[in-house]
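K.L.:
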Amino acid sequence: MIVVQVDVSGFLLAELRKTIAAHKKAVTEADTTTADEKARACATLCRQIAASSPLVRQRYTVEAERWESITSRSAPVAAGRQRRASDKLGRTKPPVEESASDLDMSSLIARSSVRWEDIGGLDEVKRLVKETVVIAALQKPESIHPWKGILLFGPPGTGKTMIAAAAAGSLDATFFDVKTDRLLSKYFGESSKMISALYASARDHAPTIVFIDEFDALGASRSDTMGEAARRVLSSLLIELDGLQGKKDDRLLLTMAATNAPWNLDPAVLSRFPRRIYVPLPDADACRAIIEIHMRGLEVSGIDLYGLGRQCVDHLYSGRDIQSVCQQAIWTMINDVNPEMHRLADLPFDEINRRALKIRPLDEGDFAVAFGKIRSPLTVEELERYTEWDVKHGER
Ligand SMILES: Nc1ncnc2c1ncn2[C@@H]1O[C@H](COP(=O)(O)OP(=O)(O)OP(=O)(O)O)[C@@H](O)[C@H]1O
Ligand SMILES: [Mg+2]
3 MIVVQVDVSG
13 FLLAELRKTI
23 AAHKKAVTEA
33 DTTTADEKAR
43 ACATLCRQIA
53 ASSPLVRQRY
63 TVEAERWESI
73 TSRSAPVAAG
83 RQRRASDKLG
93 RTKPPVEESA
103 SDLDMSSLIA
113 RSSVRWEDIG
123 GLDEVKRLVK
133 ETVVIAALQK
143 PESIHPWKGI
153 LLFGPPGTGK
163 TMIAAAAAGS
173 LDATFFDVKT
183 DRLLSKYFGE
193 SSKMISALYA
203 SARDHAPTIV
213 FIDEFDALGA
223 SRSDTMGEAA
233 RRVLSSLLIE
243 LDGLQGKKDD
253 RLLLTMAATN
263 APWNLDPAVL
273 SRFPRRIYVP
283 LPDADACRAI
293 IEIHMRGLEV
303 SGIDLYGLGR
313 QCVDHLYSGR
323 DIQSVCQQAI
333 WTMINDVNPE
343 MHRLADLPFD
353 EINRRALKIR
363 PLDEGDFAVA
373 FGKIRSPLTV
383 EELERYTEWD
393 VKHGER
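Read in order, the letters of the sequence shown are residues 3 to 398 in our numbering.
Spelled out as structure tokens, the structure:
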């Protein structure tokens, strides 16, 4: 699967933040030359960020202009005046910084190129998710409220992230990819503000899918300090979700949350996600479909793929394990027909570039090696826990 993470300008944003801090320091120390130089650098960085993506173009063009106006104002000033300016700046926030949390939103935006056909099996899950997305977009009577949130739960590597990415990809929607633990640690103390900034930005960029991964991190370990941050984030999130519930809005703003540990979720959270969809391990047919996806462009016609699929089920493989099996089998085949490949490393790059990698059709022997190497992290008991939770709380 190819998810193109458009981190609009991670590096530039980091630079901008550093430069704003350096500007602030220079202003505090009444060092006008450095302050001016830093303000100029901020303006340039804002212009570069604006050029990096149409999503942020307007906002950073405005920021760039504000920084430019600062440089033209501060250029000839005396130190005394600059110090007063610094007092003033201390009270009124400098440009860009006031929107620091909004700044970081852009790094959460990804453009998804995942399509439904990249996902093998999971037909029922796909149907439920497609239905949710479509109903949100259709014209409908006011009393019909579309779902605003979907919870995807199931063992690791079963395609939960892919499903959310495909929902966004198929609609060409903006995809906010939020990793809960990163949100909690990186923006510690500010993370609950991040949630409102996130939803404000999500509304601006609609149609939008907000994907919250590792969702259970918000409900877990309430005693430590992280628990406190998590609790605040969680309550901001619930407020946002409740706010969405009441609103009549034709633009899609869907929150999809994923977890491997649904039993850790707070009942208050669960009640906001009435649509809870189990993403299970693939059955034999689905395993075969996943193998075919990961073997695209290679010859596998001599293999009993359904038989392989059944073996995958016996090994309790997830889609991710099957992908590893396929990679391993491909490497076995490549090493088999290119035993001298490493020797090519002595040649100049252009010379290597002119040669083609030898390949042959894959056979069951290649897969047998792979089955020996890849182990599922799951046990039958763990799987039963998912099934039981699904029976009690899942979509029926
Ligand atoms: N149904 C599937 N079809 C094709 N590939 C799959 C499928 N499920 C998983 N994969 C492969 O496994 C990788 C991991 O899938 P994904 O990230 O969607 O799993 P996940 O359920 O989100 O896992 P986690 O719970 O660990 O976050 C994908 O990048 C893809 O290569
Ligand atoms: Mg995932």
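Note that the Cβ used here is the ideal one computed from N, Cα and C, for glycine as well.
1) Are the stretch 339 to 356 and the stretch 373 to 382 touching, with three or more C-beta to C-beta distances below 8 Å?
2) Taking 8 Å as the threshold (C-beta atoms), are Asp-120 and Ile-332 in contact?
3) For Arg-86 and Thr-134, what's the separation of their Cα atoms in angstroms?
4) So what does Asp-215 bridge to, in DSSP terms?
5) On a CA-only basis, which of Arg-290, Val-131 and Val-64 is nearest Thr-257? Give me that one, please.
6) Could you tell me the boundaries of the alpha helix (DSSP H) in which Gly-151 lies?
7) Based on the DSSP output, what are the partners of Arg-277 in its beta bridges?
8) Looking only at its own chain, which residues have a Cβ that is under 7 Å from the Cβ of Lys-360, when we skip the five neighbours before and after it?
9) When you compare each of Ala-170, Ala-370, Ile-111 and Pro-363 to Leu-254 by their alpha carbons, which one comes out closest?
10) Sorted by chain position, which residues of the same chain lie with C-beta nearer than 6 Å to Ala-166's C-beta, five sequence neighbours on each side aside?
11) Evaluate Val-271 with the Cβ neighbour count: other Cβ atoms within 10 Å of its Cβ, from every protein chain shown; 16 or more gives buried, anything less gives exposed.
12) Around ligand 2, which residues pass a check of Cβ closer than 6 Å to any of its heavy atoms?
13) I'd like the list of long-range same chain contacts for Leu-243, defined as Cβ closer than 7 Å, with 5 residues on each side in sequence excluded.
14) Identify, in the order they occur along the chain, each residue of the same chain with its Cβ nearer than 7 Å to the Cβ of Asp-237, setting aside the five sequence neighbours on each side.
15) With 16 other CB atoms within 10 Å as the buried threshold, where does Val-64 fall?
16) Could you check which residue in Phe-217, Thr-160 and Ser-198 has the C-alpha nearest to that of Asp-326?
17) Given the structure, does Thr-160 come close to ligand 1, in the sense that its CB is under 7 Å from one of the ligand's heavy atoms?
18) For the alpha helix (DSSP H) holding Met-164, just list the boundary residues, first then last.
19) Suppose contacts are defined by Cβ-Cβ distances below 8 Å. Is Leu-283 in contact with Leu-385 by that definition?
20) Taking the continuous beta strand (DSSP E) assigned at Ala-259, which residues delimit it?
21) Around the C-beta of Ser-303, are 16 or more other C-beta atoms found within 10 angstroms, so that it is buried, or is it exposed?
22) Using only the alpha-carbon positions, how far apart do Ile-22 and Ala-232 sit?
23) Give the straight-line distance between the Cα atoms of Leu-220 and Asp-183, rounded to the nearest whole angstrom.
P.N.:
According to the structure data:
1) Fewer than three beta-carbon pairs drawn from the stretch 339 to 356 and the stretch 373 to 382 are found closer than 8 Å, and the two stretches are therefore not classed as touching.
2) No.
3) Since pLDDT at Arg-86 reaches only 33, below the 50 mark, its modelled position is unreliable, and the value read off the structure follows with that caveat. Taking the CA atoms as reference points, Arg-86 sits about 56 Å from Thr-134.
4) According to DSSP, Asp-215 bridges with Lys-181.
5) Ranking Arg-290, Val-131 and Val-64 by Cα distance to Thr-257 puts Val-131 first.
6) It is not in any alpha helix (DSSP H) - Gly-151 instead sits in the beta strand (DSSP E) that spans 151 to 155.
7) Beta-bridge pairing links Arg-277 to Ile-152.
8) Result list for Lys-360: Val-339 and Asn-340, in chain order.
9) With distances taken between Cα atoms, Leu-254 lies closest to Ala-170.
10) Phe-213 and Met-258.
11) Label assigned to Val-271: buried.
12) Output, sorted by chain position: Lys-162, Thr-163, Asp-215 and Ala-260.
13) Around Leu-243: Lys-150, Gly-151, Thr-257 and Arg-274.
14) First, the amino acid is wrong: residue 237 is Ser here, not Asp. Within the same chain, Ser-237 has no close Cβ partners at all.
15) It is exposed - the Cβ of Val-64 has fewer than 16 other Cβ atoms within 10 Å.
16) Correcting the residue identity first, residue 326 is Ser in this sequence and not Asp. Closest by C-alpha distance to Ser-326, out of Phe-217, Thr-160 and Ser-198, is Thr-160.
17) Yes; taking the cut-off as 7 Å, the Cβ of Thr-160 has a heavy atom of ligand 1 nearer than that.
18) Element bounds for Met-164: 162 to 173.
19) Their beta carbons are under 8 Å apart, which means Leu-283 touches Leu-385 by this criterion.
20) Per DSSP, Ala-259 belongs to the beta strand (DSSP E) from 255 to 261.
21) Ser-303 counts as exposed, since fewer than 16 other C-beta atoms from the protein chains shown sit within 10 angstroms of its C-beta.
22) Take the alpha-carbon of Ile-22 and the one of Ala-232: they are about 29 Å apart.
23) Going by the C-alpha atoms only, they are around 8 Å apart.
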